[in-house]
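Peer 1:
Numbering (this note's numbering), first residue to last: 4 to 125.
1) What is the residue span of the alpha helix (DSSP H) that residue 12 lies within?
2) Quick one, which of 35, 118, 113 has its alpha-carbon nearest residue 84's?
3) Name, in chain order, the residues that DSSP records as bridge partners for residue 26.
4) 8 Å is my cut-off, CB to CB: does residue 79 come that close to chain D?
5) Whose CA, out of 120, 122, 115, lies closest to the CA of residue 27?
6) Put residue 48 into one of helix, strand or coil per three-state DSSP.
7) Just tell me which of 79, 110, 120, 123 has its CA closest to the CA of residue 94.
8) Looking at the strands, I want to know which residues DSSP matches up with residue 121.
9) Indicate the three-state DSSP secondary structure (helix, strand or coil) for residue 58 in the structure shown.
10) In three-state terms, what does DSSP make of residue 103?
11) Does the region 116-123 come into contact with the region 24-41, if we say contact requires no fewer than three beta-carbon pairs (one atom in each stretch) closer than 8 Å?
12) Tell me whether the beta-carbon of residue 36 lies closer than 8 Å to the beta-carbon of residue 7.
Structure (structure tokens):
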């Protein structure tokens, strides 16, 4: 499979499991209608209808496209990492029990792991 060329900053997050600084990513406060794709492989991951304002500084979603995101135990033994099910790119972490939405789940995703396309282009 051919992957997109990543910048050094994108590689740090996507391949080395880094985290961008809060409130700096281009999608943390972005609420246009469309879909969010994996920056590395282009697989569709999230829909704008599932994005919500969590005020945490990163894009937050309470649902993913079915089968698009895989959950794995984080190396710290406490959190749950989320990765692209297609290519394994690091997306961020998932949290449950915060009562921020009716689904009671928050996918906290790095903007650098995503690429947004408006509905008209999908």
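Note that the Cβ used here is the ideal one computed from N, Cα and C, for glycine as well.
Peer 2: On the basis of the coordinates in this document:
1) 11-17
2) 113
3) Residue 26 pairs with nothing; no bridge assigned.
4) The structure shown has no chain D; it contains just one protein chain.
5) 115
6) strand
7) 110
8) 37
9) coil
10) coil
11) yes
12) no
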